[in-house]
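Number of protein chains: 2
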Amino acid sequence: MRVTIKDVAEKAQVSVTTVSMAMGSPGRIAEATRERVLKVAEEMGYRPNMLVRGMQKGQTMSVGVLMNFSGDSFEGRIFQGVHHTLVDAGYVPIALMPNDRAPALSQIHSLLDRRVDGILMRPTGEAKWEEHLHEALRRHVPVVSVDSETVGESGKSERQIDFVGTDDYLGGKIAATKMLEAGHRRLAVLSMGDETDPMYQRCKGFVDTLKTVADTTCEVVDLSWEYVHSESPELAMKLLGSESRPTGVFLTMDMIAPGVYRAAASLGLNLPDDLSVIGFADEAVAHYLTPSLSTLRQHPREIGQHGAELLLKRIEMFRKSKKTPVFERTIKLLEPTWVERDSVTAPPA
Amino acid sequence: MRVTIKDVAEKAQVSVTTVSMAMGSPGRIAEATRERVLKVAEEMGYRPNMLVRGMQKGQTMSVGVLMNFSGDSFEGRIFQGVHHTLVDAGYVPIALMPNDRAPALSQIHSLLDRRVDGILMRPTGEAKWEEHLHEALRRHVPVVSVDSETVGESGKSERQIDFVGTDDYLGGKIAATKMLEAGHRRLAVLSMGDETDPMYQRCKGFVDTLKTVADTTCEVVDLSWEYVHSESPELAMKLLGSESRPTGVFLTMDMIAPGVYRAAASLGLNLPDDLSVIGFADEAVAHYLTPSLSTLRQHPREIGQHGAELLLKRIEMFRKSKKTPVFERTIKLLEPTWVERDSVTAPPA
DNA sequence: CTGAAAGCGCTTACAG
DNA sequence: CTGAAAGCGCTTACAG
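Just so you know, the sequences run in chain order A and B. Residue numbering for the first sequence follows the UniProt record's numbering, starting at 1 and increasing by one per position. Residue numbering for the second sequence follows the UniProt record's numbering, starting at 1 and increasing by one per position.
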């Protein structure tokens with residue numbers, strides 16, 4: 001049988017109360033007794049039962065982490081940040097990935113039934129998270145979203161769900177500034193998705209910044225997702241084919257860069273002399289392209305870390321109040337970093 | 001407050017015993033009563049407390065998963081297989097990655113304290129797992145290892161730890177067969193690592209197979225890890241530079257292929273006409289090389305799946321016996337799949 | 001400084 | 001078919 005606190009108490013000739021206090025409440029027990037008890041516990045190979053502790057104190061020291069765990073390195077690094085922060089604080093992550101066979105709601109119930117102290121999630125496009133998460137909030141369990149926001153049916157972000165992600169708007173702004181500094185005045189953006197997608201903010205940051213400078217033009221080309229996946233260079237050809245083509249283009253995702261490079265090549269344009277390009281995300285491809293792509297790097301590990309820290313703070317806050325407290329959601333946006341490579345130069349004379 | 005079984009009992013005008021049985025022991029309670037109770041529970045938003053259940057029944061329906069979660073796709077796919085199998089069976093994975101700040105032993109204690117029903121791990125080179133895992137076995141918790149085996153201090157694999165991985169020896173055998181079929185008789189292997197590394201078995205499978213055929217030679221070149229990481233083509237140059245160079249070479253890792261390709265190019269050798277090459281692992285690089293690299297593909301998702309299934313079986317088995325049962329470890333090796341590309345052809349005349 | 005007792009939210013023999 | 005009571009392994013007021 002497993003050794004319990006009672007076994008330790010008998011062997012050490014004290015009460016279970018004393019053993020319990022010796023382990024959990026420093027200062028309540030005479031140092032001599034305490035050391036003896038601890039030594040006996042150690043010798044017997046005693047290990048506390050956190051289930052019981054969790055049940056009594058209402059804190060299991062575990063949190064649910066809802067992600068895809070698909071093995072892409074971006075998400076892997078988010079999880080690393082989350083994991084290290086949690087483990088350092090004595091918590092443990094229960095890792096679940098919602099999918100067809102195990103939808104988000106059942107996963108969340110599974111976590112709630114195990115009395116996790118909080119839930120951290122990276123929402124994916126399709127899932128209807130919002131209603132499920134209210135289930136958690138209602139039960140006094142805080143939720144934090146990382147990388148992409150949870151958006152409710154109303155199209156608005158959820159009020160009680162904190163968020164940590166990349167400052168996409170700032171990223172667009174940085175891209176615009178770099179283009180302007182290089183001397184470009186005739187620009188374009190290739191973007192896609194709707195307001196809820198990060199590409200939208202990147203595009204907006206770029207466009208808004210250009211608006212503040214006189215004699216600057218910017219054409220916004222909205223790519224469909226099919227376009228992106230097909231990698232067909234058609235749209236890029238149209239954009240680049242005319243006489244009044246831009247001298248610099250901002251891609252709100254690195255992934256579309258290969259298509260644009262191909263389009264430029266087939267039109268006889270030299271990169272970066274005839275066309276400067278800036279991407280976003282710093283994917284592996286950015287490094288391999290010729291010329292290598294200047295882009296903006298996100299910080300997944302830090303996103304995970306800050307997300308977990310925020311969650312731990314909320315757990316603390318929830319613990320202190322009996323009911324689910326009312327609070328303003330915290331939004332933390334991390335600055336993307338400019339990665340200078342070879343795809344930006346002065347515009348052609 | 002959270003609604004408990006007692007609240008449900010009061011509202012439904014029955015005892016807690018009846019509520020408990022209505023939920024957990026079908027058949028013990030009259031169908032009419034049962035339905036009424038279940039309905040009340042549902043209306044009140046009752047959710048069972050699995051901590052209590054776990055404490056009483058000695059099964060928490062959770063298992064510890066020890067991996068790197070570094071975001072590489074191979075490991076990601078292993079975890080997917082593990083996750084789906086566990087979730088389908090009602091279990092939940094607690095995902096921990098041992099590292100400097102949180103060493104394996106403390107992670108394992110963390111899992112044991114939370115009374116996981118089993119532990120599944122993908123061991124990494126450095127960690128001293130074996131002694132820690134005895135801690136688990138001693139406490140009646142089964143352990144399964146996937147992808148690479150746990151090796152004890154004696155250098156032998158642990159007896160009580162089941163293993164699911166790739167049949168590396170068979171992979172080497174397949175590579176040899178393909179080379180022989182293409183007509184090669186003068187061969188070489190580039191390998192590295194010691195007996196505990198999978199590359200060793202791949203190499204052995206290749207060499208052993210060639211031995212069964214007359215008039216066949218095979219030079220084994222043992223690369224150091226520094227060599228592999230530096231990607232310096234020196235050793236490959238030496239191998240390929242002589243008159244009696246092999247006409248076909250088996251690489252026990254795809255990762256070293258780029259270096260070999262470069263060495264061949266600098267010696268003016270045409271691939272695959274002057275030299276046939278076979279890799280192992282089917283990494284992304286295998287697809288991008290010119291000529292694309294024929295290789296052997298592993299099945300990480302299936303490895304994870306079978307590993308989890310095996311663990312669930314062991315949990316069942318452990319549950320039935322009071323003490324940790326004595327048993328022969330199960331070893332399940334999955335066949336790698338031959339991926340035919342363009343790097344193998346007949347030897348030069 | 002230490003201990004007896006109640007209680008956390010369930011399950012499970014054992015009665016009725 | 002249903003319920004009162006004991007018990008799982010701890011923690012925490014409350015006494016002494």
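Each residue gets a CB set at the ideal place from its N, CA and C atoms; glycine is no exception. The model shown is predicted, which means the values in this text are computed figures rather than measured ones.
Rounded to whole angstroms, Asn99 of chain B and Ser106 of chain B show a C-alpha spacing of 10 angstroms.
A straight line joining the alpha-carbon of Cys203 of chain A with that of Phe250 of chain B spans about 49 angstroms. The beta carbon of Val87 of chain B falls within 8 angstroms of a beta carbon belonging to chain A, placing the residue at that interface.
When C-beta atoms of the segment 62-71 of chain B are compared with those of the segment 73-81 of chain A, three or more pairs fall below 8 angstroms, so the two segments count as touching.
Here Arg341 of chain B has Ala286, His287, Pro291, Ser292, Leu293, Ser294 and Thr295 as same chain residues with Cβ atoms under 8 angstroms from its own Cβ, once five neighbours each way along the sequence are excluded. Listed along chain B are Ser62, Val92, Pro93, Ile94 and Ala95, each with a C-beta nearer than 8 angstroms to that of Ile94 of chain A. With respect to the 8 angstroms criterion, Ser191 of chain B and Met199 of chain B are classified as neighbours on the basis of their beta carbons. What Arg28 of chain A touches in chain B, judged by beta-carbon distance under 9 angstroms, is nothing: the nearest beta carbon there is about 22 angstroms away. DSSP places Phe163 of chain A within a strand segment (E or B) once states are collapsed to three. For the C-beta of Met50 of chain A, the chain B residues within less than 7 angstroms are, from N- to C-terminus, Asp113 and Arg114.
Taking CB atoms only, Asp72 of chain A has a neighbour in chain B less than 8 angstroms away. In this structure, the alpha-carbon of Thr4 of chain A lies about 33 angstroms from that of Leu311 of chain A. Contact between Asp113 of chain A and Met50 of chain B is confirmed by a C-beta separation of about 5 angstroms, below the 8 angstroms threshold.
Non-local beta-carbon contacts of His184 of chain A in its own chain, meaning distances under 6 angstroms to residues more than five positions away in sequence, involve Thr247, Gly248 and Pro347 in chain order. By the Cβ-count criterion, Val326 of chain B is exposed, with fewer than 16 other Cβ atoms from all chains shown falling within 10 Å of its own Cβ. Per DSSP, Arg34 of chain B is one residue of the alpha helix (DSSP H) stretching across Glu31 to Met44. When the beta-carbon positions are compared, Pro300 of chain A and Gly81 of chain A come within less than 8 angstroms of each other. Between Arg329 of chain A and chain B, the shortest Cβ-Cβ separation is not below 8 angstroms. When secondary structure is reduced to three states using DSSP, Glu219 of chain A falls in the strand class. Per the coordinates, the alpha-carbon of Thr33 of chain A lies some 18 angstroms from the alpha-carbon of Gly45 of chain A. Under the three-state reduction of DSSP output, Ala95 of chain A falls in the strand class. Ile315 of chain A and Gly58 of chain B have their C-alpha atoms roughly 28 angstroms apart. Spatial neighbours of Pro93 of chain B in its own chain (CB-CB distance under 7 angstroms, excluding positions within 5 residues in sequence) are listed in chain order as Val63, Val65, Val82, His83 and Leu86.
Under the Cβ distance rule, Gly54 of chain B counts among the residues neighbouring chain A, one pair being separated by less than 8 angstroms. Under the 10 Å beta carbon count, Pro26 of chain B is surrounded by fewer than 16 other beta carbons and is classified as exposed. The beta carbon of Asp168 of chain B lies closer than 6 angstroms to those of Pro198, Gln201 and Arg202 in the same chain, with the five residues before and after it left out. As a beta-bridge residue in DSSP terms, Ile119 of chain B pairs with B:Gly64 and B:Val143. Annotation for Phe250 of chain B: the continuous beta strand (DSSP E) segment containing it runs Gly248 to Leu251. Around the C-beta of Asp194 of chain B, fewer than 16 other C-beta atoms lie within 10 Å, and the residue is accordingly described as exposed.
In this structure, the beta-carbon distance from Ala102 of chain A to Trp129 of chain A does not fall below 8 angstroms.
Leu312 of chain A sits in a helix when the DSSP states are folded into three classes. For the options B:Lys332, B:Met317 and B:Asp88, the alpha carbon positioned closest to that of His140 of chain B is the one of B:Met317. Nearest C-alpha to Gly307 of chain B among B:Phe79, B:Thr18, B:Val37 and B:Thr60: B:Phe79. Taking C-beta atoms under 8 angstroms as the contact rule, Arg329 of chain A and Phe163 of chain A qualify, at a distance of about 7 angstroms. Membership of Ala188 of chain A in any alpha helix (DSSP H) is not indicated; the residue belongs instead to the beta strand (DSSP E) covering Arg186 to Met192. If you draw a straight line from the Cα of Glu243 of chain A to the Cα of Lys211 of chain A, it comes to about 23 angstroms.
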